[in-house]
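Chains as they are written, first to last, in the working numbering: chain A, 15 to 747; chain B, -3 to 70.
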């Protein structure tokens, strides 16, 4: 039977690199039941022994404060639902940061499971003058210690050998190394005895190590869970036990840390030599610029401008490529498939719809590439350091910056990333405002509107482009609105004191191409999957709603007009032009008579103050399940509307040439209309997947409902103000 | 007794006592900020808060309000 091993370690120790090197392409991800912490696992075959390796989330200790930290502890104690019992641990330590890394190892040794220690980043440690004698360390810890440079592949063979010994059952389990006071042992014993008596009401047995955590972590997750299950009477008993265990000394948590660090120092005195002085590293040098008062702030702002300008400039050629491919496809289908329902569905529905969405893949890839690079090189922690004070003004902590920034790629990973925010109120506030960040799915709307209607003028000696600036303004709008919203939420629904901001600043490192590529691939493929499933389905539905009932009476009426034109006009060029106009009117008449057209007309009065006609209203309505659908829907609507000039196949041109149905000389899209559409999409929560994620993370329906409602109101009001103000400023002329 | 938030950049000292309780104390402890730890203040963020320190061989950032809970030896 295959065994189960767990990969454990602090954050930023290169755990992912070790995991990738060991499991290669056999990785999979899943979810833990009840919570949504990713369960990452891969298959291992070592010396004929098969095993599953589970990559547990990074943690600094077993004192869990948040649900995702609890996953680590529960899995290690074999109490995690949906997780097989763990047969052994692979603990990754950062050799260049050995002191703090040994702290958690002292806790892991107490689990009494076989352990292999991988001493990663030996090269960095050596550069800093830290010398670790792996043999002596192994001797002292009683478990194998393998020196490693995981990203270079150095030491992987030895690691595999040590792990195959573990799988063969040749390793003795780790042993508790730290000795706590007699009064603490006594308290654990009386708690255990008490819980033994409550086994039936609890429905499970509580292990000594869990009891130890319940005792030591005041207000921690282990305590809360037990008190919730057993009631306040147990809480009072626990308080009494703590009083006895403290012995009038400092808090239990402080006593634990003191004992463990004393052990860490003993171990280090035996096996580690390091310079007395703080080594001046390359990271220090970089930080003296990047976190500098003036230079650091300028760099941060410059970086943000750069990212958005580049997304705009770089993606162009790639987007044209995608566009061209779909244009060819559409032509090919037109020549093969005879005119009728099928051709209309393929060309006007599927190809126009899915193509119109996939064209934005290059921009999404570039944006996720930037985010992955910043994450992997270590700049994200600096960004949190720079932004904490600023986010503090709306009651959030710097940690909220990372989920917020991720939300620019997609709200879903952003909301999932809020798990690193330990405080519940802070986390919920972050979740509620994260969808206000302009995610990559909004990019399509911005791009098409900007490209079609915002003049491509350059300002400031040609360095900045008005189109790029408009794009930045749209991203800025989400942030600007998020500030008062978050502030209000923290003052009302989520009142409470500010959560802590105690964060490791990892050393800068050169981003690992493999890690970055995996992240970008995940974003890109998720987008394509959405285009292939949800958007595909919506496209067909919207097409069908726009095509049917396709009344024969309308076709007959225009057939009659066509034959009249043929009889009256002799000159071929003139006839062709006349027939084209008739075709356009026919398509328009069909669309207006279609189910979608009728619904659009019905709701149009609501959107009239935003400057929208029934087609824009229809497109906005159709994109509530997934906002990127709007481009596809506009494509379908305006193609079917017969306003496509055969010389200009792009949607951009089509939109530029669109006019009001009742006044063909009046252009439909003006700058105010384009702006009001962009503002509406910037502020509206048109994403069923995001709302479902909020439901999953908050475990209540009222939070997605709340998010949806407040954002829809904001979007409408925002678009209304934008249209009315910009029209009065004369931008419409 | 001075507290850590009163230190200037490049100033070094040793932790004498950790005040406070709950989450803040817990986080500081598992990051190694406990009695006897040697600490060096490196810098303050552009807006004056948070601050960055060097402790137990790595870099840590914390707010001044949290550093105010760290009593330093004289």
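Note that CB positions come from ideal geometry on N, CA and C, so glycine has one too.
Within the region 398 to 441 of chain A, the alpha helix (DSSP H) runs of at least 4 residues that lie entirely inside it are, in chain order, 415 to 423 and 425 to 431. DSSP places residue 180 of chain A within a helical segment (H, G or I) once states are collapsed to three. Following the DSSP letters along the chain, one finds residue 249 of chain A in no beta strand (DSSP E) but inside the alpha helix (DSSP H) bounded by residues 246 to 260. Out of A:579, A:713, A:313 and A:724, the CA that lies nearest to the CA of residue 81 of chain A is found in A:713. Looking only at B:22, B:41, B:0 and B:26, the smallest Cα-Cα distance to residue 308 of chain A is reached by B:41. Listed in chain order, the beta strand (DSSP E) runs fully inside the region 670 to 700 of chain A are 677 to 681, counting runs of at least 3 residues. Neighbours of residue 66 of chain B in chain A, taken as residues at a C-beta separation under 7 Å, are lacking, since the least C-beta distance is about 11 Å. With respect to the C-alpha of residue 489 of chain A, the residue from A:419, A:70, A:520 and A:469 having the closest C-alpha is A:419. For residue 111 of chain A, at least one C-beta of chain B is nearer than 7 Å to its own C-beta.
In the DSSP annotation of this structure, residue 54 of chain B is not part of any alpha helix (DSSP H); the continuous beta strand (DSSP E) holding it starts and ends at 54 to 58.
At least one CB of chain A lies nearer than 7 Å to the CB of residue 22 of chain B. Close partners of residue 1 of chain B in chain A (Cβ separation under 8 Å) are lacking, with about 13 Å as the shortest Cβ gap. Shown here, residue 81 of chain A sits in a helix according to DSSP, grouped into three states. Proximity of residue 16 of chain B to chain A, defined by a Cβ-Cβ separation below 7 Å, is not satisfied. With respect to chain B, the C-beta atom of residue 402 of chain A has a partner C-beta closer than 7 Å. Distance between residue 543 of chain A and residue 404 of chain A, taken at the CA atoms: about 37 Å. In the three-state reduction of the DSSP assignment, residue 562 of chain A falls in the coil class, being assigned neither a helical nor a strand state.
When DSSP states are grouped into helix, strand and coil, residue 9 of chain B belongs to the strand group. Rounded to whole angstroms, the gap between the alpha carbons of residue 540 of chain A and residue 379 of chain A is 11 Å. By the neighbour-count criterion, in which 16 or more other beta carbons inside 10 Å mark a residue as buried, residue 334 of chain A falls on the exposed side. Residue 517 of chain A sits in a strand when the DSSP states are folded into three classes.
Looking at the backbone, the Cα of residue 364 of chain A and that of residue 422 of chain A are separated by about 28 Å. For residue 122 of chain A, the enclosing alpha helix (DSSP H) begins and ends at 112 to 123. For residue 209 of chain A, the enclosing alpha helix (DSSP H) stretches over residues 196 to 211. Between residue 522 of chain A and residue 412 of chain A, the C-beta spacing is not below 7 Å.
Collapsing the DSSP output to three states places residue 49 of chain B in a strand. Note that the C-beta distance between residue 151 of chain A and residue 159 of chain A is below 7 Å. Contact between the region 548 to 557 of chain A and the region 593 to 609 of chain A is absent, with fewer than three C-beta pairs closer than 8 Å. Within its own chain, the residues whose Cβ lies closer than 6 Å to the Cβ of residue 84 of chain A, once the five positions on either side in sequence are excluded, are 78 and 235, listed in chain order.
Considered as a whole, the region 290 to 331 of chain A harbours 296 to 304 as its complete alpha helix (DSSP H) runs of no fewer than 4 residues, in chain order. Counting other Cβ atoms within 10 Å of its Cβ, residue 455 of chain A reaches 16 or more and is therefore classed as buried. Cα atoms of residue 281 of chain A and residue 291 of chain A: separation of roughly 20 Å, rounded to the nearest angstrom. Boundaries of the beta strand (DSSP E) around residue 20 of chain A: 17 to 23.
Contact annotation: residue 0 of chain B and residue 66 of chain B have beta-carbon atoms nearer than 7 Å. Among the residues facing chain A, residue 9 of chain B is not included, as its CB has no counterpart in that chain under 7 Å away. Cβ neighbours of residue 624 of chain A within its own chain (closer than 6 Å, five residues either side excluded): 690, 733, 734 and 737.
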